[in-house]
Amino acid sequence: LYNLACAWSLKNDPDRAFDFLNQAMDAGFDKQSDALDLLKNDPDLDNIRQDPRFEAIQKWAETGKKPETADPLLGKWEIRSGTKAGEKMPLEDQPAEFTITEKQILIPVPGGGDGFVMSYKLDREKSPMQIDMTIDAGPAPGGQAKGIVQLEANQFTLCYDPTGEKRPEKFESTADNGFFLFRSEKKADPPAALDIAGTWTIESGMRAGEALPAESMAGEISIEANQITIPAGEESFVMEYRIDAAADPKKIDMKILSGPAPEDSVAVGIVKRDGDSLVLCYNAMGPDRPGDFASTAENGFFLFSLKLKK
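Take 11 as the starting number for the sequence shown in our numbering and just add one per residue.
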């Protein structure tokens, strides 16, 4: 994905370059050790480095936090209904979703094949807002359309004349006007996965509000894609785990596969990561999951602060 972003940058197509660059960041490129260096110095990105969108990408790599989209129009939209010349369009005749970037609308064709790529201009000063669209690529290149749009919360309504001869005055599609009318909802972004893989050292640990002795926190914790190995004297705990990234705070469920405890013992907890720091709080004795990162005599929870080993 990063290489595709570089390719479109070299072709001086910033919209596609940023589309793939954002996809790369979502896929975990921001966690690569050389990500920030590449963003700052890779000559393949010279054509887009002065674009205002690039600053947000670089900040994302520096902080590990995805910036929110300032313009609610941008992103992926799911079509809920479509009308053509007063006739309701079957869902199978409509694209399931489309994407709006800062300069283009990308619409797939139902059933496969080349989709539409349309450049657009939006006049936000008009009421309702006016939109002019030109087909840059797709089944009807060069075609133009005039329309109006309405954006309310996560609802997007578009009405347009596909001939480009006139502009709708209201959101209405009839046999007489021949307009298209689409109503869409913003597609929710999937929750970002929490990657905790790596080798970690324990900086501090508590159980039921009491600090754990230093000797019990010696050694290194190894975390793989779905398994945690914790040294415990001559043996080690080996646990499989699952993270619910949609929860806030993120939930983690752990089950002991082997070690000095009954197999299939389950611990429920919460976890958070900030760069090279990881905090884990869990209940090893019951079904009650921690609500915050605290270990007290009353709750009996374990609380660990870990540091990623370079």
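All C-beta atoms in this analysis are idealised placements derived from N, C-alpha and C, irrespective of residue type, glycine included.
Give the straight-line distance between the Cα atoms of LEU34 and LEU288, rounded to the nearest whole angstrom. It is worth fixing the name first, because residue 34 is Ala in this sequence and not Leu. Answer to the nearest angstrom: the Cα atoms are 23 Å apart.
What is the residue span of the beta strand (DSSP E) that ILE58 lies within? Where ILE58 is concerned, there is no enclosing beta strand (DSSP E), given that its DSSP letter is neither H nor E.
Quickly, what does DSSP pair ASN13 with across the bridge? List them, please. DSSP lists no partner for ASN13.
Residues of its chain near LYS317, where Cβ-Cβ distance is below 7 Å and the 5 sequence neighbours each way are ignored: TRP210, THR211, GLU213, ASP286 and SER287
Taking the alpha helix (DSSP H) that LYS50 belongs to, which residues open and close that run? 45-51
Going by alpha carbons, who is nearest to GLY2 out of ALA163, PRO53 and ALA202? The structure shown does not extend to residue 2, since the chain is modelled only from 11 to 320, so the question has no answer here.
Tell me whether PRO151 is buried or exposed, calling it buried when 16 or more other Cβ atoms sit within 10 Å of its Cβ. exposed
Do the CB positions of ALA27 and ILE67 come within less than 8 Å of each other? no
Opposite SER268 in the DSSP bridges: which residues? VAL248
For ALA267, which option in GLU245, GLU112, ASP44 and PRO297 has the closest C-alpha, if you only look at C-alpha atoms? The identity of residue 267 in the sequence shown is Leu, whereas the question assumes Ala. Checking every option, the nearest Cα to that of LEU267 belongs to GLU245.
THR73 by DSSP, collapsed to three states: which one? helix
Length of the line joining the Cα atoms of ASP284 and LYS320: 15 Å
Please confirm whether SER194 and GLU88 have their CB atoms less than 8 Å apart. yes
Does SER305 come out as helix, strand or coil in the three-state DSSP assignment? coil
Residue interval of the beta strand (DSSP E) (run including ARG193): 190-196
Would you check if the distance between the CB atom of ILE253 and the CB atom of LEU204 is smaller than 8 Å? yes
Is the segment 216-223 close to the segment 119-134, with three or more CB pairs under 8 Å? no
Based on Cα-Cα distance, which residue from LYS41, PHE108, ILE206 and MET99 lies nearest to LEU191? MET99
Under 8 Å by Cβ, that's how I've got CYS291 and SER275 pegged, so tell me the actual separation to the nearest angstrom. Going by Cβ atoms, the distance from CYS291 to SER275 rounds to 17 Å, so no, they are not a contact pair.
Secondary structure of PRO62, DSSP reduced to three states: helix
Quick one: residues in its chain with C-beta nearer than 8 Å to the C-beta of CYS16, no 5 flanking neighbours on either side, listed in chain order? ALA27, ASP52, ASP54 and LEU55
Between which two residues does the beta strand (DSSP E) carrying GLN104 extend? Where GLN104 is concerned, there is no enclosing beta strand (DSSP E), given that its DSSP letter is neither H nor E.
Looking at the unbroken beta strand (DSSP E) that takes in ASP284, where does it start and where does it end? 276-284
Assign GLU225 to one of three DSSP states: helix, strand, or coil. helix
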